[in-house]
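Visitor: Those letters in the sequence shown? Residues 6 to 234, per our numbering, in order.
One structure follows; several queries about it will come next.
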Amino acid sequence: MARISKNRKAVLAKYDASKEYSLLDAAGVVKEITFTKFDASVDIDVRLGVDPRKADQMVRGVVTLPHGTGKDVRVLVLCTPDKEEEAKAAGADYVGLDEYIQKIEKGWTDIDVIITMPAVMAKVGRLGRILGPRNLMPNPKAGTVTTDVAKAVREVKAGKIDFKVDKTGIIHTSIGKVSFGPEQIAANATEVLATLNRLKPSSAKGTYIKSITLSSTMSPGVVVDKNSI
Numbered sequence: 006m007a008r009i010s011k012n013r014k015a016v017l018a019k020y021d022a023s024k025e026y027s028l029l030d031a032a033g034v035v036k037e038i039t040f041t042k043f044d045a046s047v048d049i050d051v052r053l054g055v056d057p058r059k060a061d062q063m064v065r066g067v068v069t070l071p072h073g074t075g076k077d078v079r080v081l082v083l084c085t086p087d088k089e090e091e092a093k094a095a096g097a098d099y100v101g102l103d104e105y106i107q108k109i110e111k112g113w114t115d116i117d118v119i120i121t122m123p124a125v126m127a128k129v130g131r132l133g134r135i136l137g138p139r140n141l142m143p144n145p146k147a148g149t150v151t152t153d154v155a156k157a158v159r160e161v162k163a164g165k166i167d168f169k170v171d172k173t174g175i176i177h178t179s180i181g182k183v184s185f186g187p188e189q190i191a192a193n194a195t196e197v198l199a200t201l202n203r204l205k206p207s208s209a210k211g212t213y214i215k216s217i218t219l220s221s222t223m224s225p226g227v228v229v230d231k232n233s234i
């Protein structure tokens with residue numbers, strides 16, 4: 006018989022895996038059952054009643070979390086020289102164009118978000134095979150292809166995130182850190198769910214939000230009662 010670890014015993018004592026919790030209670034449970042020595046991320050997984058294979062049911066959007074993500078987002082701005090100072094002043098970690106395109110072509114992707122301008126997308130476009138699989142490719146719908154790069158940098162640094170339904174119909178995104186209070190985690194989750202409801206495809210039939218789960222980097226999932234939202 007497999008031996009149950011001390012932490013696993015503590016987890017099992019603190020929550021019922023078969024129970025559905027309110028969003029606020031679920032946030033509190035995730036905090037209680039996370040035993041990492043680092044400040045783990047808190048994630049939300051939402052299973053949607055859509056078929057991502059159909060173009061008119063692809064759910065993608067952006068949301069600004071009221072309490073931010075809790076992590077230092079590394080931002081690269083690929084822009085023309087006249088926009089470089091604006092981007093730097095707004096807090097971009099890396100600013101430039103050709104030199105960074107060359108670095109990326111050689112395999113450098115040590116960044117979280119790339120912001121660029123329509124005027125240079127012809128150059129950036131050839132990086133699609135590298136950036137696409139890493140979800141780093143700038144996209145106008147996500148607000149990362151814009152003429153106002155400074156505003157885009159400030160929004161990303163303040164907690165703006167983008168999300169996209171995966172091929173199994175699930176939205177998965179980080180909404181904070183375990184060090185956040187339950188109210189902060191719940192508020193961030195509520196903003197994501199409200200945005201998802203606004204993005205419901207008209208062609209999606211039946212139940213739209215099928216299930217909601219909160220978890221941390223190394224915790225079990227806590228099921229949220231979607232009727233309590």
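The beta-carbon is built from N, C-alpha and C at its ideal position, and this holds for glycine as well.
1. If you follow the alpha helix (DSSP H) that Ile109 is in, where does it begin and where does it stop?
2. Rounded to the nearest angstrom, what separates Ile121 and Thr218 at their Cα positions?
3. Beta-carbon within less than 6 Å of Met6's beta-carbon, same chain only, minus the 5 sequence neighbours each way: which residues are those?
4. May I ask you to verify whether the region 48-63 touches the region 180-198, counting CB pairs closer than 8 Å and requiring at least 3?
5. Helix, strand or coil, according to DSSP, for Lys172 in the structure here?
6. Does the distance from the CB of Glu196 to the CB of Leu28 come in under 8 Å?
7. Answer yes or no: do Asp30 and Val80 have a C-beta to C-beta separation smaller than 8 Å?
8. Where Asn202 and Gln62 are concerned, what is the direct C-alpha to C-alpha distance, given to the nearest angstrom?
9. If Val228 sits next to Glu25, beta carbons under 8 Å apart, how far is it from one beta carbon to the other, in whole angstroms?
10. Which ranges does the beta strand (DSSP E) cover as unbroken runs of at least 3 residues, wholly within the region 20-63, from first to last along the chain?
Guide: On the basis of the data shown:
1. Per DSSP, Ile109 is one residue of the alpha helix (DSSP H) stretching across 103-110.
2. The amino acid at residue 121 is misidentified as Ile; the sequence shows Thr. Whole-angstrom Cα-Cα distance: 33 Å.
3. For Met6, the predicted model reports a pLDDT of 42, less than 50, meaning its position is unreliable; a value from the coordinates is still stated below. Contacts found: none.
4. As far as the Cβ criterion goes, the region 48-63 touches the region 180-198, which means the pair count is three or higher.
5. Coil at Lys172, not helix or strand.
6. For Glu196 and Leu28, no; Cβs fall outside 8 Å.
7. In this structure, Asp30 keeps its C-beta atom at 8 Å or more from the C-beta atom of Val80.
8. The alpha-carbon atoms of Asn202 and Gln62 are separated by roughly 13 Å.
9. Approximately 5 Å separates the beta-carbon atoms of Val228 and Glu25; this is inside 8 Å, confirming the contact.
10. For the region 20-63, whole beta strand (DSSP E) runs of length 3 or above, ordered along the chain, are 46-53.
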